[in-house]
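Structure, as structure tokens:
Protein chains: 2
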Amino acid sequence: MRDVAIIGVGMIPFGRRDEDTLLDMLAYASLKALDDAGLGDKSVDCVYVANMGAGILQHQTSVASALVDRLSLIPAAADAVENGPASGASAIKNGLLAVASGYYDTALVAGGEKMREVVGWKATDFVATMTHPEAEYPYGITLPGMAGMFTRLYMEKYGVTREQLLAIAIKNQKMGALNPYAHVEMVITKEGIYDSPDAVVNNPVAADPLHLYDMCPVSDGAAAVVLCPLELAKKIAPKSPVLIAGFGQATDTHTLQERDDPTDLKAVTLASQQAFEMAKLKPKDIDVAELHDAFTILEIAESEHAGFFKKGEGGKAAEKGETSIGGKLPINLSGGLKARGHPVGATGVAQIVDIVFQLRHELDKKRQAKNAKNGFTINFGGFGNNIVAFVLRRVE
Amino acid sequence: MRDVAIIGVGMIPFGRRDEDTLLDMLAYASLKALDDAGLGDKSVDCVYVANMGAGILQHQTSVASALVDRLSLIPAAADAVENGPASGASAIKNGLLAVASGYYDTALVAGGEKMREVVGWKATDFVATMTHPEAEYPYGITLPGMAGMFTRLYMEKYGVTREQLLAIAIKNQKMGALNPYAHVEMVITKEGIYDSPDAVVNNPVAADPLHLYDMCPVSDGAAAVVLCPLELAKKIAPKSPVLIAGFGQATDTHTLQERDDPTDLKAVTLASQQAFEMAKLKPKDIDVAELHDAFTILEIAESEHAGFFKKGEGGKAAEKGETSIGGKLPINLSGGLKARGHPVGATGVAQIVDIVFQLRHELDKKRQAKNAKNGFTINFGGFGNNIVAFVLRRVE
């Protein structure tokens, strides 16, 4: 297969975007990515749209066809790709394979979700549509509920503490406050949240042992990337191209309850191994990572399952600052899902956009991982039942 | 890119399947395809699910993850692909490119839709979610309404007659009655429908000038195919492999009203040309075709835009029997969408399954196109805004 590079990226500020339709958001992010790629009025050969919920949330289908029309990219081929909250990475995978195959030369991949139209239990219910339709959903399980149970087991087995979880929240909200695209801009502190006499009010239990600040927000947002063969990228890319050096995707049992050890995220391990193998790299070679911290525990668990830390060491590493900027392996310098927000269809694309920013060395020094050459992402579908991992590499 | 072949196909009877969930139907069709491919207990590398409406109709997402779990295909990579009523062909395209790229060796593509849970205006409304979310849907346009207007223009410009439309309905329902997988099993005649004094009752106007028997039914159903590289297929396929010789996909304006000439289905022409070019074949080389006759007019219009007949000649050819079994180019020997049914996510996969049956020469003589070597399909997204075409070839 041909080497494929990212030559353009675009993102719009995540948050509450009542004024925009889903199509508006996808179009804005796409236009930024096309412009960043220097394509100007040129078209692309194919378009992939990552979206999980337009049918449920907007009563809308055929979003990919609507987007190519909106962007005047006709007659480009266009499809939508859905893999729950990992839809973004799955869409990039399909763009990657389409270009790698040699059939198409240029691909636009745009991910977007407009979730703030429903709030409270309706937002939780929407997210729960990704659970098993017979064995989970009818019994009222929610994703926060699953995450709470997973956290309790992980704490018991590996000694993860509430302080470690809080360290993730504090780190990611601090970085989010520096990111112009982030939904959550509020810096939190241990004193203000955990040690405060008002903690029960400020940070109430959401799904025991997880509290409010262990959860990502419900966000609107969109992000986009433009792909082409590496050889073409070297000729036309106005900025440093970023190679998609490795890719992996693996599934696990759809329900959490069927896994022999529910703390073992086998699909994270396998997808990461596949990505590292393709890239001919090891976890120690990675300079910066975006992990899927929809819940604080997931950043810890993924950092261990992807091979960056031994089991039980991820939380300690975060607490010691090893995953903060300037640390051994900075994780979620964007603020992660926790602070950038989690418009489900957009997230996997946004993670790639943020790693491209890092590998192009274009962020200010408060957010830039120094001399970053290799980046890594995990996009987490379902409760770990469909994982997509990428290794990206700066092309000098 | 590597040559890719179809080594297994499966389909379940379309119709009203109240007893089955969407996942049941996808699983049944997939198991038949895996069995047909001789894979037995072996897994596949990746899975694509074609589905348009699970979010709206079943309040369900992440269907692809649920299917790999149900089929014990874990840890195979799995995504869902949506392109309105062309979701099936789009999913096959992505399976094709995934295998063609060299990253994956085996792919299962399953398309399914459970539409009979909603009937009457709710079914029409569901289908209308594929129209433009701002310029069409809010004004109450429906797909039958668009087809009615398109038919009137086509009649005026090219002299298509009601008798020609009826010839399509009669031909396809006759073939459907012979197809064990077809939803509609009723043979209709000109005398019973068009010339009958009861015509107004038996075949009322649905969207002038289209009548009830110009429309496909609302169906439940699923179909699946297994893909692998041609070289591997020659070693492992228990039946004649079928090569995906050509593929094309093109988009057009999302709304019908924006097209300079609404009777000109540019995306059908372009997608067909791409498919023929890749296959190094011409329309005259095709022995059997499955076209997307959601409305009778579409079979005529597609047969012309794909290059099989000159504009204005497709209806006459159908009336003369040239597109019937034994004719110059048999079209929709399966009964087409008109009689096999149109569970939207399943249709594009079912068309490929039916062409594979033809190219493997395994149908009884009432349905088998004689010595069929090359087959062709059109899967029609939106009202012609996203078209996918395939050329398939029997491998001797």
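Residue numbers (our numbering), protein chains in the order written: chain V, 901 to 1296; chain L, 901 to 1296.
Ideal Cβ placement from N, Cα and C applies to all residues, glycine included.
It should be emphasised that the depicted structure is a prediction, and the values quoted were computed from it without experimental measurement.
With residue i and residue j assumed to form a contact (beta carbons below 8 Å), what rounded beta-carbon distance in angstroms separates them?
i	j	result
V/LEU1199	V/ILE1225	The question names Leu, but residue 1199 of chain V is Glu in the sequence shown. Wrong, their Cβ atoms sit about 15 Å apart, outside the cutoff.
V/ALA966	V/ALA1047	Their Cβ separation, rounded to whole angstroms, is 34 Å, which puts V/ALA966 and V/ALA1047 out of contact at 8 Å.
V/THR1155	V/ALA1035	5 Å
L/ALA905	L/LEU1143	5 Å
L/ALA1246	L/GLU1013	5 Å
L/LEU1181	L/ASN1274	6 Å
L/THR1277	L/ILE1255	6 Å
V/ALA1239	V/GLN1073	5 Å
L/ALA980	L/VAL968	Contact flag wrong, Cβ pair sits at about 11 Å.
L/ASP1114	L/PRO1243	Contact flag wrong, Cβ pair sits at about 19 Å.
V/GLY1148	V/ALA1123	Actually they are not in contact, since the Cβ atoms of V/GLY1148 and V/ALA1123 sit about 21 Å apart, beyond 8 Å.
L/SER1172	L/GLY1212	L/SER1172 to L/GLY1212, Cβ: 18 Å. No contact.
Hey, out of the options, whose CA is closest to residue i's CA?
i	options	result
L/VAL1084	L/LYS1071, L/GLU1091 and L/GLY1092	L/LYS1071
L/LEU922	L/LEU1229, L/ASN951, L/LEU934 and L/GLU1131	L/ASN951
L/ASP1152	L/LEU1143, L/ASP1095 and L/PRO1162	L/PRO1162
L/LYS1228	L/ARG1294, L/ASP1254 and L/LYS1270	L/LYS1270
L/PRO985	L/ARG1267, L/ILE1068 and L/GLY1248	L/GLY1248
L/GLY1020	L/PRO1044, L/ALA1007 and L/PRO1038	L/PRO1044
V/GLY915	V/GLY1002, V/GLU1017 and V/VAL947	V/GLU1017
L/ILE1186	L/THR1029, L/ARG917, L/LEU1170 and L/LEU1292	L/LEU1292
V/LYS1057	V/ALA1201, V/ALA954 and V/LEU1008	V/ALA1201
L/LEU1110	L/PRO1117, L/GLN1268, L/LEU971 and L/ILE1197	L/ILE1197
V/ILE1136	V/ALA927, V/MET911, V/ASP903 and V/LEU939	V/LEU939
L/ASN983	V/LEU926, V/GLN960 and V/GLY1002	V/GLN960
V/ALA1167	V/TYR1003, V/GLY1215, V/VAL1295 and V/VAL1288	V/VAL1288
V/LEU1263	V/THR1024, V/TYR1039, V/GLY1059 and V/ASN1079	V/ASN1079
V/THR1042	V/PHE1290, V/PHE1283 and V/VAL1295	V/PHE1283
V/ILE907	V/SER1140, V/ALA1069, V/MET1075 and V/ALA1179	V/SER1140
V/LEU1170	V/ASP1193, V/VAL1188, V/ALA1189 and V/GLY1146	V/GLY1146
L/ALA978	V/GLY1221, V/ASN1285 and V/PHE1290	V/ASN1285
8 Å is my cut-off, CB to CB: does residue i come that close to chain L?
i	result
V/ASN994	yes
V/GLY1281	yes
V/GLU919	no
V/PRO1243	no
V/PRO975	yes
V/GLY1076	no
V/THR1277	no
V/TYR1003	yes
V/THR1151	yes
V/VAL968	yes
Can you give me the start and stop residues for the beta strand (DSSP E) that residue i sits inside?
i	result
V/THR1151	1142-1151
L/LEU1292	1286-1294
L/PRO1129	1120-1129
V/VAL1009	1007-1014
V/ALA1246	Per DSSP, V/ALA1246 belongs to no beta strand (DSSP E); it is in the alpha helix (DSSP H), 1244-1259.
L/GLU982	977-982
V/ILE907	904-911
V/TYR948	946-950
L/ALA1218	No beta strand (DSSP E) holds L/ALA1218; the alpha helix (DSSP H) holding it covers 1214-1219.
V/GLU1190	1188-1190
Should residue i be labelled buried (16 or more other beta-carbon atoms within 10 Å of its own) or exposed?
i	result
L/THR1031	buried
L/MET1086	exposed
V/LEU1112	exposed
L/ASP1098	exposed
L/GLN1157	exposed
V/PRO1129	buried
L/THR1051	buried
L/PRO1117	buried
L/PRO1033	buried
Are any of the Cβ atoms in chain V nearer than 8 Å to that of residue i?
i	result
L/ALA1175	no
L/ASN1079	no
L/GLU1300	Shown here, chain L extends from 901 to 1296; a query on residue 1300 of chain L therefore has no answer.
L/MET925	no
L/LEU1170	yes
L/SER990	yes
L/HIS1154	yes
L/SER965	yes
Looking at the secondary structure, which residues open and close the alpha helix (DSSP H) in which residue i lies?
i	result
L/GLY1281	From DSSP, L/GLY1281 is part of no alpha helix (DSSP H) but of the beta strand (DSSP E) over 1274-1281.
V/TYR928	922-936
L/GLU1177	1166-1179
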